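A.B. asks:
Protein chains: 2
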Amino acid sequence: MNSPDTRLFGAIEAGGTKFVCAVGDAVGQLRAEHRFATTEPRTTLAEAAAFLREGSGDFGPLAAIGVAAFGPIELDRRSAGYGCILRTPKPGWSGTNMLAPFAEQFSCPIGFDTDVNAAASAEHRWGAARGADPIVYVTVGTGIGGGVLVNGEPLHGLMHPEIGHIYPRRHAYDADFAGVCPFHGDCLEGLAGGPAIVARSGALLDELAHGHPQWDIEADYLAQLCAQLVLTVSPRRIVLGGGVMSQVRLLPMIRDRMRHWLRGYVDRPELSTRIDEYVVAPGLGSRSGVLGALSLAVQAAAPHSHAPGRLHPGT
Amino acid sequence: MNSPDTRLFGAIEAGGTKFVCAVGDAVGQLRAEHRFATTEPRTTLAEAAAFLREGSGDFGPLAAIGVAAFGPIELDRRSAGYGCILRTPKPGWSGTNMLAPFAEQFSCPIGFDTDVNAAASAEHRWGAARGADPIVYVTVGTGIGGGVLVNGEPLHGLMHPEIGHIYPRRHAYDADFAGVCPFHGDCLEGLAGGPAIVARSGALLDELAHGHPQWDIEADYLAQLCAQLVLTVSPRRIVLGGGVMSQVRLLPMIRDRMRHWLRGYVDRPELSTRIDEYVVAPGLGSRSGVLGALSLAVQAAAPHSHAPGRLHPGT
Chain E
1 MNSPDTRLFG AIEAGGTKFV CAVGDAVGQL RAEHRFATTE PRTTLAEAAA
51 FLREGSGDFG PLAAIGVAAF GPIELDRRSA GYGCILRTPK PGWSGTNMLA
101 PFAEQFSCPI GFDTDVNAAA SAEHRWGAAR GADPIVYVTV GTGIGGGVLV
151 NGEPLHGLMH PEIGHIYPRR HAYDADFAGV CPFHGDCLEG LAGGPAIVAR
201 SGALLDELAH GHPQWDIEAD YLAQLCAQLV LTVSPRRIVL GGGVMSQVRL
251 LPMIRDRMRH WLRGYVDRPE LSTRIDEYVV APGLGSRSGV LGALSLAVQA
301 AAPHSHAPGR LHPGT
Chain X
316 MNSPDTRLFG AIEAGGTKFV CAVGDAVGQL RAEHRFATTE PRTTLAEAAA
366 FLREGSGDFG PLAAIGVAAF GPIELDRRSA GYGCILRTPK PGWSGTNMLA
416 PFAEQFSCPI GFDTDVNAAA SAEHRWGAAR GADPIVYVTV GTGIGGGVLV
466 NGEPLHGLMH PEIGHIYPRR HAYDADFAGV CPFHGDCLEG LAGGPAIVAR
516 SGALLDELAH GHPQWDIEAD YLAQLCAQLV LTVSPRRIVL GGGVMSQVRL
566 LPMIRDRMRH WLRGYVDRPE LSTRIDEYVV APGLGSRSGV LGALSLAVQA
616 AAPHSHAPGR LHPGT
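Protein chains in written order, with our numbering: chain E, 1 to 315; chain X, 316 to 630.
Dropping the structure here:
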């Protein structure tokens with residue numbers, strides 16, 4: 001369009017530890033931001049809604065709101081539980097309707113998705129995955145999660161991908177570690193999430209010497225994830241974010257091991273000479289959460305949009 | 316629509332061993348069929364085109380043609396090699412343009428995709444995956460391949476999924492078998508494809524007693540595939556076809572082991588009480604190949620269709 005897009009959107013990054021709320025525009029610029037600790041559901045959501053009300057008072061009506069939530073969440077609009085947190089270990093939050101407090105106070109469209117799908121959407125709209133389709137965004141921190149976008153839209157399906165729980169093959173240096181996932185023991189998250197690193201090596205990755213085997217183990221497991229994603233989702237780009245990936249040494253190690261696992265079978269330059277542009281660091285860094293929520297809002301407001309969590313007829 | 320759809324379509328199942336060509340309608344009924352052995356490209360494709368010319372002479376003009384080809388194939392319409400077979404061990408076929416002989420003689424739209432994506436499309440349109448989205452169709456035979464549909468359209472991405480080459484964890488009874496995949500050794504295809512069964516056990520699956528460990532090994536590896544698919548693609552249905560799956564004892568064994576690997580983590584009835592409707596046998600049996608090609612044709616002709624391999628702008 002020729003005239004600038006002056007619409008404003010509400011963004012709610014609903015994390016298990018903190019909420020980040022913002023008002024921003026369609027190009028990803030934030031005009032106001034408010035952070036606070038996640039406490040019990042009613043108070044927390046009321047504070048978020050109050051911030052958006054004030055924000056819209058300052059700036060004019062919001063065109064849409066995006067809510068990016070910790071999971072698992074119900075994304076099936078045909079379900080009576082749409083918009084709710086599913087069974088979660090976080091006290092008090094199981095069954096919480098994350099959208100009702102906003103729907104009661106605002107008449108605009110509300111986009112809703114997982115935090116990782118939202119981050120994927122933001123990286124696709126404004127970050128390191130612009131122009132690529134399909135894409136996968138992976139976050140490696142306390143947990144390992146991933147968002148998949150196909151045609152720019154988050155993949156939901158049966159629930160939503162839970163790629164952190166695939167089973168990698170055990171690294172040769174790591175035969176005896178039991179893994180820490182309460183569900184699966186030695187799934188990827190149980191072997192390569194932050195708590196697994198600490199449980200295995202007694203320290204965070206950045207506290208370990210470069211020659212410590214933990215680096216090879218971590219890179220190998222994440223490389224197996226990337227290889228499996230190539231073979232199942234066939235993405236055109238993989239973005240690796242999260243606290244563990246802030247160790248920049250990891251990324252080239254992962255690319256090397258990914259080639260090892262694929263062994264040239266998928267014969268594409270993206271997986272050989274151009275792999276540095278294929279498996280990449282996030283473009284939005286720690287802002288991917290709140291920008292993810294903003295991206296969900298932009299998508300929910302777009303004309304003819306297949307807004308995440310809103311327009312998936314028949315799915 | 317109220318009036319019956321009388322359009323006719325050409326279907327070419329281009330297999331490495333045989334071609335099956337047909338003329339059929341939009342509800343999956345075939346009016347004429349012609350099978351012949353795959354020889355060298357020029358003669359083979361000429362025979363297929365000649366059959367469709369005669370068929371359209373008998374029945375009137377074709378609304379579209381669908382070509383379902385053995386792979387790997389180039390599906391990127393932006394590539395100069397669109398429509399071609401990529402590097403293949405099949406003598407003479409590398410680089411063959413599978414669409415040119417038809418485009419020269421017919422002016423209708425031509426759909427093009429892998430044989431497994433086409434079979435997925437047919438199972439979604441007429442078979443065991445009707446009404447489900449996304450879905451995965453897996454064939455377990457000499458090779459192991461899979462087609463993924465999202466919003467009813469085959470997923471291509473970087474190339475196309477190659478789910479037969481993921482690495483399952485080794486079964487406890489199978490620690491010593493090296494695997495037979497020429498690329499990966501002990502990837503899924505190397506451990507669970509037909510030739511792997513013969514190499515490990517000296518016989519085909521149906522020749523082995525029910526208590527033979529090969530049955531457990533096979534079910535476990537295919538269950539690991541299904542579990543990984545749930546975690547990465549999040550399908551609403553998985554269809555398991557191909558020669559190995561014609562052993563009907565396998566399917567319930569696979570469902571059991573799949574629950575073992577997922578351990579209740581994805582909390583959906585489809586994965587517990589309703590798993591018999593979630594991991595299913597094909598509805599179209601051995602006709603999924605030629606009906607797959609027909610489905611590609613129907614999709615290529617559909618108004619406003621995102622025809623497989625035709626309209627993926629920006630991908």
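Here a beta-carbon is modelled for each residue, glycine too, at the ideal position from N, C-alpha and C.
The model shown is predicted, which means the values in this text are computed figures rather than measured ones.
Who are the neighbours of S121(E) on chain X, taking C-beta pairs under 9 Å?
C.D. replies: By Cβ distance, chain X contributes nothing, its closest Cβ being about 16 Å from S121(E), past 9 Å.
A.B. asks: Tell me, please, whether the region 525–532 of chain X touches the region 548–558 of chain X by the rule of three or more beta-carbon pairs shorter than 8 Å.
C.D. replies: They do not touch, by the three-pair rule.
A.B. asks: Please go through the same chain and pick out, in chain order, the residues whose beta-carbon is closer than 7 Å to the beta-carbon of A511(X), but skip the five residues on each side of it.
C.D. replies: Within the same chain, A511(X) has close Cβ partners G494, V495, G505.
A.B. asks: If you draw a straight line from the C-alpha of Y595(X) to the C-alpha of D58(E), how long is it?
C.D. replies: Note that residue 595(X) is Val in the sequence shown, not Tyr. Approximately 55 Å between the Cα atoms of the pair.
A.B. asks: If you compare alpha carbons, which of T232(E), E13(E), G289(E) is closest to I450(X)?
C.D. replies: Ranking T232(E), E13(E), G289(E) by Cα distance to I450(X) puts T232(E) first.
A.B. asks: Any idea what DSSP makes of V230(E), helix, strand or coil?
C.D. replies: Correct three-state label for V230(E): helix.
A.B. asks: Quick one: which chain E residues come within Cβ less than 9 Å of L544(X)?
C.D. replies: Per Cβ cutoff of 9 Å: T232.
A.B. asks: Where does I166(E) sit, in a helix, a strand or coil, going by DSSP?
C.D. replies: I166(E): coil per DSSP, three-state reduction.
A.B. asks: In angstroms with no decimal places, state the Cα-to-Cα distance between E270(E) and H260(E).
C.D. replies: So the two alpha carbons sit approximately 15 Å from each other.
A.B. asks: Select from A48(E), L294(E), V266(E) the residue whose C-alpha is nearest the C-alpha of G479(X).
C.D. replies: The option with the nearest alpha carbon to G479(X) is V266(E).
A.B. asks: Do A447(X) and E438(X) have their CB atoms nearer than 7 Å?
C.D. replies: Contact flag unset, no.
A.B. asks: The alpha helix (DSSP H) that contains D373(X), what's its start and end?
C.D. replies: Here the alpha helix (DSSP H) through D373(X) covers 356–374.
A.B. asks: With a threshold of 8 Å, are at least 3 pairs of Cβ atoms found where one atom belongs to the region 604–614 of chain X and the other to the region 342–349 of chain X?
C.D. replies: Touching, per the Cβ criterion.
A.B. asks: Hey, how far is the Cα of C21(E) from the Cα of T139(E)?
C.D. replies: Their Cα atoms are separated by approximately 20 Å.
A.B. asks: Hey, would you say D220(E) sits closer than 7 Å to H171(E), going by beta carbons?
C.D. replies: Closer than 7 Å, so yes.
A.B. asks: Going straight from the alpha carbon of G508(X) to that of G458(X), what length do you get?
C.D. replies: Answer to the nearest angstrom: the Cα atoms are 5 Å apart.
A.B. asks: Classify P154(E) as helix, strand or coil using the three-state DSSP reduction.
C.D. replies: DSSP places P154(E) in strand when its eight states are reduced to three.
A.B. asks: How would you list, in chain order, the residues of chain X whose beta-carbon sits under 9 Å from the beta-carbon of D267(E)?
C.D. replies: P387, L401, R402, M474, listed in chain order.
A.B. asks: In chain E, what lies closer than 7 Å to Y452(X) by C-beta?
C.D. replies: Near Y452(X) there are no residues of chain E at all, since even the closest Cβ is about 13 Å away, more than 7 Å.
A.B. asks: Hey, is V298(E)'s beta-carbon within less than 7 Å of any beta-carbon in chain X?
C.D. replies: False, the Cβ-Cβ gap to chain X never drops below 7 Å.
A.B. asks: Which whole-angstrom value describes the C-beta separation of G426(X) and L611(X), a residue pair presumed to lie in contact below a C-beta threshold of 8 Å?
C.D. replies: Between L611(X) and G426(X) the Cβ distance is about 3 Å, and since that is below 8 Å, they are a contact.
A.B. asks: Using a Cβ-Cβ distance cut-off of 7 Å, determine whether E270(E) contacts chain X.
C.D. replies: So, interface residue.
A.B. asks: Looking at the structure shown, is H124(E) part of a helix, part of a strand, or coil, going by DSSP?
C.D. replies: H124(E): helix per DSSP, three-state reduction.
A.B. asks: Applying a beta-carbon distance threshold of less than 8 Å, which residues of chain E neighbour L537(X)?
C.D. replies: Going along chain E, no residue has its Cβ under 8 Å from L537(X), so there is no contact; the nearest lies around 14 Å.
A.B. asks: Express the C-alpha separation of F177(E) and T43(E) in angstroms, rounding to a whole number.
C.D. replies: When rounded, the distance between both Cα atoms is 41 Å.
A.B. asks: Report the option in D186(E), F70(E), Y167(E) whose CA atom is closest to the CA atom of A538(X).
C.D. replies: A538(X) has its Cα closest to that of Y167(E), out of D186(E), F70(E), Y167(E).
A.B. asks: Kindly list the residues whose CB is nearer than 7 Å to the CB of G331(X), restricted to its own chain and excluding five residues on each side of it in sequence; keep chain order.
C.D. replies: The answer, listed in chain order, is T353, F385, K405.
A.B. asks: State the Cα-Cα distance for the pair I73(E) and A50(E), rounded to the nearest angstrom.
C.D. replies: Distance between the alpha carbons of I73(E) and A50(E): 23 Å.
A.B. asks: Can you tell me which of S79(E), H156(E), V148(E), G83(E) puts its alpha carbon nearest to the alpha carbon of G66(E)?
C.D. replies: Per the Cα distances, G83(E).
A.B. asks: When you compare each of G407(X), P476(X), V338(X) to P376(X) by their alpha carbons, which one comes out closest?
C.D. replies: With distances taken between Cα atoms, P376(X) lies closest to V338(X).
A.B. asks: By Cβ distance below 6 Å, which residues in the same chain neighbour C187(E) in space, the five residues on each side in sequence not counted?
C.D. replies: Only H165, Y167, C181 meet the Cβ criterion.
A.B. asks: For I163(E), would you say it is in contact with chain A, using Cβ-to-Cβ distances shorter than 7 Å as the test?
C.D. replies: Among the chains of the structure shown, chain A does not appear; the protein chains present are E and X.
A.B. asks: Please confirm whether L577(X) and A524(X) have their CB atoms less than 7 Å apart.
C.D. replies: No. Outside cutoff.
A.B. asks: Looking at the C-beta of W235(E), does it have a partner C-beta in chain X at a distance below 7 Å?
C.D. replies: According to the sequence as given, residue 235(E) is Pro; it is not Trp. Yes, P235(E) counts as interfacial toward chain X.
A.B. asks: Once you ignore the five residues that flank M245(E) on each side, which residues in its own chain have a CB closer than 6 Å to its CB?
C.D. replies: If we look at M245(E) and ignore the five residues flanking it on each side, its Cβ neighbours are V140.
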